[in-house]
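Worksheet: the structure to be examined is printed underneath.
There are 2 protein chains.
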Amino acid sequence: MRQHRVTSFDVAALAGVSQSTVSRALAGDPVVSEPTRTRVLAAAAELNYHIDENAARLRTGRTGTLAVVVISREGEDHKDVNPFYFSLLGAICAAASSRGHETLVSFQDAAETLSGRYEEQRKADGLIVIGTTANRTAWNYFREIGENGAHIVYWGSPFDEGLDWIRADNQEGARLATGHLIANGYRRIACITSDHSPQRQFKERYDGHVARMREEGLPTRAVEIDESLPREEQGRKAVSDLIASGEPFDAIFVVCDQIALGVLLELHERGIAVPGQVGVVGFDGIRSGAYAIPPLTSVEPDFQSAGTMLVDKLLKQIAGTPSDERRVPVRLVPRASSKGPGLLP
Amino acid sequence: MRQHRVTSFDVAALAGVSQSTVSRALAGDPVVSEPTRTRVLAAAAELNYHIDENAARLRTGRTGTLAVVVISREGEDHKDVNPFYFSLLGAICAAASSRGHETLVSFQDAAETLSGRYEEQRKADGLIVIGTTANRTAWNYFREIGENGAHIVYWGSPFDEGLDWIRADNQEGARLATGHLIANGYRRIACITSDHSPQRQFKERYDGHVARMREEGLPTRAVEIDESLPREEQGRKAVSDLIASGEPFDAIFVVCDQIALGVLLELHERGIAVPGQVGVVGFDGIRSGAYAIPPLTSVEPDFQSAGTMLVDKLLKQIAGTPSDERRVPVRLVPRASSKGPGLLP
DNA sequence: CTGAAAGCGCTTACAG
DNA sequence: CTGAAAGCGCTTACAG
Numbered sequence: 001m002r003q004h005r006v007t008s009f010d011v012a013a014l015a016g017v018s019q020s021t022v023s024r025a026l027a028g029d030p031v032v033s034e035p036t037r038t039r040v041l042a043a044a045a046e047l048n049y050h051i052d053e054n055a056a057r058l059r060t061g062r063t064g065t066l067a068v069v070v071i072s073r074e075g076e077d078h079k080d081v082n083p084f085y086f087s088l089l090g091a092i093c094a095a096a097s098s099r100g101h102e103t104l105v106s107f108q109d110a111a112e113t114l115s116g117r118y119e120e121q122r123k124a125d126g127l128i129v130i131g132t133t134a135n136r137t138a139w140n141y142f143r144e145i146g147e148n149g150a151h152i153v154y155w156g157s158p159f160d161e162g163l164d165w166i167r168a169d170n171q172e173g174a175r176l177a178t179g180h181l182i183a184n185g186y187r188r189i190a191c192i193t194s195d196h197s198p199q200r201q202f203k204e205r206y207d208g209h210v211a212r213m214r215e216e217g218l219p220t221r222a223v224e225i226d227e228s229l230p231r232e233e234q235g236r237k238a239v240s241d242l243i244a245s246g247e248p249f250d251a252i253f254v255v256c257d258q259i260a261l262g263v264l265l266e267l268h269e270r271g272i273a274v275p276g277q278v279g280v281v282g283f284d285g286i287r288s289g290a291y292a293i294p295p296l297t298s299v300e301p302d303f304q305s306a307g308t309m310l311v312d313k314l315l316k317q318i319a320g321t322p323s324d325e326r327r328v329p330v331r332l333v334p335r336a337s338s339k340g341p342g343l344l345p
Numbered sequence: 001m002r003q004h005r006v007t008s009f010d011v012a013a014l015a016g017v018s019q020s021t022v023s024r025a026l027a028g029d030p031v032v033s034e035p036t037r038t039r040v041l042a043a044a045a046e047l048n049y050h051i052d053e054n055a056a057r058l059r060t061g062r063t064g065t066l067a068v069v070v071i072s073r074e075g076e077d078h079k080d081v082n083p084f085y086f087s088l089l090g091a092i093c094a095a096a097s098s099r100g101h102e103t104l105v106s107f108q109d110a111a112e113t114l115s116g117r118y119e120e121q122r123k124a125d126g127l128i129v130i131g132t133t134a135n136r137t138a139w140n141y142f143r144e145i146g147e148n149g150a151h152i153v154y155w156g157s158p159f160d161e162g163l164d165w166i167r168a169d170n171q172e173g174a175r176l177a178t179g180h181l182i183a184n185g186y187r188r189i190a191c192i193t194s195d196h197s198p199q200r201q202f203k204e205r206y207d208g209h210v211a212r213m214r215e216e217g218l219p220t221r222a223v224e225i226d227e228s229l230p231r232e233e234q235g236r237k238a239v240s241d242l243i244a245s246g247e248p249f250d251a252i253f254v255v256c257d258q259i260a261l262g263v264l265l266e267l268h269e270r271g272i273a274v275p276g277q278v279g280v281v282g283f284d285g286i287r288s289g290a291y292a293i294p295p296l297t298s299v300e301p302d303f304q305s306a307g308t309m310l311v312d313k314l315l316k317q318i319a320g321t322p323s324d325e326r327r328v329p330v331r332l333v334p335r336a337s338s339k340g341p342g343l344l345p
């Protein structure tokens, strides 16, 4: 841009002080006298001076940067990443920014290109790893990075033991969803979920659902998803399986919105009316649920809290004062898909 | 993590060479002899040594990092950011990574917190700015940053003159969409768009639509969106306006998928059958369109090309060899929403 | 082919 | 309250 980069020495010369005073003044060191600070700031502004963060970081050893890794399925198109993780990513970047940190973002999938040596390379002070549980290789990789001393906080990891993770309050969310269906008059409620999935979140949501059903003395019915399919196809297939089983049902609690979108589509194509014949509730609060037909009732984590909690947990880990906050609060967002049963055939 | 950070001097001592030789060997400098290189690499691996990028960057002046700024509406929830931009973001990060660059990502909306001095602060070598055209303050801010010498490439800017921008091949996409509706038997095709929006893309899509209609000798009909509403509500309102006008129509080309989702919802609630009574085609290729009811036909840019083109254009600008590639190729993705008219009432 | 040395632009003890 | 000086960990002319 310019021939000679403007440095703190140039500012010092213009302000008539030493370079170290410029550094102190700009860092807000209270030891600098007010008139001096004013002169320095004016000179810096005049020269359009900005601190070279590389030099500052080399000196201090801190980068002021957090790495955010979004794990996707190997070979998956970015367009097919669960929008939930994009919302979470946005919230994390915003929270980091509000804490004065930059965010170095990467989408990682293929085993050969996994890269997490951010701290060794002094590119970041710590990592936040989020994304699909399905890519086991990636999670193993980052677990190892963490075991070698890196600072990491997770959302979505299949591993819990000894790791710093944060998740939605899944049990509570599932209870809200189930209670809502019951309150709206549904009784034969099936749950599309996975019991043996590495996705711990699904298991937690299923557990919360079962607990709430038991309180009401209602029988439970689980339909296992086929994890090898794309999420929406999992929903379509689960509905087919549920219908093929011959057991009657008047509502479905689906442990993930993306799967629920497939459920709605399959029910529609089979001419089954939602919410009249079957009520549906999802989980995650993805935006397109609000514009599904009918609009999908869902349980939504507070994304802003999620971002803040992940960032703060990481910063505390880096500072050596670990926190034990783990659960992001959730709320039920009632929409048309669960309005109550009409006349059953 | 460790008391003493492992430096190239430690590697040098272990390998029995000088520090400068370590640097050359790890940089792949061909001047280093093969046996020496092997010894250095072994020592580096043994010590788990990684180059301190801060130090390297301070020395070379290059950061190997690109800043990616996603502009959103002021106060907008990250969950409400158009998923199109998230797909684009993912593609940009992947392309940058394949070119050996990191990506510093930020979501920016509020005027007070706009920040784009990445190059002055030596945090990045250049910027890619994408996002909603609606936040004029933000685009003004980045235009000024660019005028002050920063390297920037844009997608979505309301400004064209003198800027390095990339956009989808909107005219061609609109022609494909319109031709597809015509081929499927629709004739009275309305277009939900904006003629005076700062969104140049909408205008381009409308122009392409009109051109194709004219070729066929068909009359055109534009319904203006109300930009003050959320995208989906714009679609609902436009459908209401269209119907209220009393003019018959059997298809709608909507210049944006998010708006099209609202269109589908409104048509559904009014009991108008899609595609039997009205065919609908959108633009952008957002994922939830595929799971709308009925699944939405759309024009989709090649996201991977989009990411690569943005990154390469920026890298060329930085290198001082500007390119004039501007248009990302598009393709039509036919789905149920435009299958052809049934019997009109 | 390898080494000794300078220097990128800061922050921060240490003196005064 | 301010300044002179060291040093963070690299890369890269310059010598040999």
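So the sequences go chain by chain: U and F.
Residue numbering for the first sequence is 1 to 345, as defined by the UniProt record's numbering.
Residue numbering for the second sequence is 1 to 345, as defined by the UniProt record's numbering.
Beta carbons are placed, not taken as given, at the ideal position from N, Cα and C, and that holds for glycine.
Chain F residues whose Cβ lies nearer than 9 angstroms to that of residue 360 of chain U: Since the displayed chain U opens at 1 and closes at 345, residue 360 of chain U lies outside it and no answer follows.
Short CB-CB distance (under 9 angstroms) between F:F86 and chain U: yes
Burial state of U:H4 (16 or more Cβ within 10 Å): exposed
Pairwise C-alpha distance: U:G307 and U:V69: Cα-Cα distance, rounded: 14 angstroms.
Nearest neighbour of F:S245, chosen from F:E266, F:R221, F:A110, F:L264 [CA to CA]: Looking at the Cα atoms, F:R221 is the closest of the given residues.
Short Cβ contact (9 angstroms threshold) for U:E216 with U:L265: no
Secondary structure of U:Y118, DSSP reduced to three states: In the structure shown, U:Y118 sits in coil (DSSP, three-state: anything other than H, G, I, E or B).
Sequence-distant residues of the same chain with beta carbon closer than 7 angstroms to U:F303, five excluded per side: Answer for U:F303: S87, L88, A91, listed in chain order.
Element boundaries [beta strand (DSSP E), containing F:W155]: Taken as a continuous stretch (DSSP letters only), the beta strand (DSSP E) holding F:W155 covers 152 to 155.
Within chain U, partners of F:R57 - CB distance below 7 angstroms: Correct list: N54.
Entirely enclosed beta strand (DSSP E) segments - the segment 38 to 101 of chain F, minimum 3 residues: 65 to 71
Residue-chain proximity (U:F303, chain F), Cβ-Cβ < 9 angstroms: Closer than 9 angstroms to some Cβ of chain F, the Cβ of U:F303 qualifies, so yes.
Close Cβ partners of U:P345 (< 8 angstroms) along its chain, the five nearest in sequence each way excluded: Because U:P345 carries a pLDDT of 39, less than 50, the predicted location of this residue cannot be relied on, and the following value inherits that uncertainty. If we look at U:P345 and ignore the five residues flanking it on each side, its Cβ neighbours are Q277.
Backbone secondary structure at F:L127 - three-state DSSP: Three-state result, F:L127: strand.
Same chain only: Cβ atoms within 8 angstroms of F:R143, ignoring 5 sequence neighbours per side: S157, F159, L163
Neighbourhood of U:D109 by C-beta distance below 8 angstroms, restricted to the same chain and skipping five residues each side: I71, S72, R73, E74, G75, E76, N135, A138
Chain F within 9 angstroms of U:A292, Cβ atoms only: yes
Chain-ordered chain F contacts of U:D164 [CB-CB under 8 angstroms]: Here the premise fails: no neighbours, minimum Cβ distance about 15 angstroms.
With 16 other Cβ atoms within 10 Å as the buried cut-off, status of U:H209: By the 10 Å Cβ count, U:H209 comes out buried.
Buried versus exposed call for F:V299 [16 or more other C-beta atoms within 10 Å across all chains shown]: buried
Beta carbon proximity, U:D312 to chain F, threshold 9 angstroms: With respect to chain F, the C-beta atom of U:D312 has no partner C-beta closer than 9 angstroms.
Buried/exposed call for F:V31, threshold 16 Cβ in 10 Å: Flag for F:V31 reads exposed.
Nearest-angstrom Cα separation, counted from F:Q19 out to F:T60: For F:T60 and F:Q19, the distance between alpha carbons rounds to 17 angstroms.
Per-residue contacts from F:C93 into chain U (C-beta, under 9 angstroms): The answer, in chain order, is V70, H78, V105, S106, F107.
Touching by the beta-carbon criterion (3+ pairs, under 8 angstroms), the segment 179 to 194 of chain U and the segment 117 to 133 of chain U: Segments in contact, no.
Cβ-Cβ separation, F:G131 to F:E102 (assumed contact under 8 angstroms), whole Å: Rounded, the Cβ-Cβ distance is 20 angstroms, inconsistent with contact.
Where F:G276 sits in the DSSP three-state scheme: coil
Neighbour list for U:I51 in chain F, Cβ cutoff strictly below 7 angstroms: Q121
U:L218 and F:L104 closer than 9 angstroms at C-beta: No, the Cβ-Cβ distance between U:L218 and F:L104 is not below 9 angstroms.
Residues that F:G75 contacts on chain U, provided the C-beta gap is smaller than 9 angstroms: For F:G75, no chain U residue has a C-beta closer than 9 angstroms to its own C-beta; the minimum C-beta separation is roughly 12 angstroms.
Local Cβ density within 10 Å of F:D52, reported as buried at 16 or more and exposed below that: buried
Exposure label - F:G116; buried when at least 16 CB within 10 Å: buried
Test item: CB-CB of U:R331 and U:P295 under 9 angstroms: Cβ atoms of U:R331 and U:P295: not closer than 9 angstroms.
Short CB-CB distance (under 9 angstroms) between F:N135 and chain U: no
Range of the contiguous beta strand (DSSP E) that encloses F:R188: F:R188 -> no beta strand (DSSP E), and no H or E assigned at all.
Own chain, CB closer than 8 angstroms to F:S338, minus 5 neighbours either side, in chain order: H180, L181, N184, Y186, A251, P275, G279, V280, V281, T297
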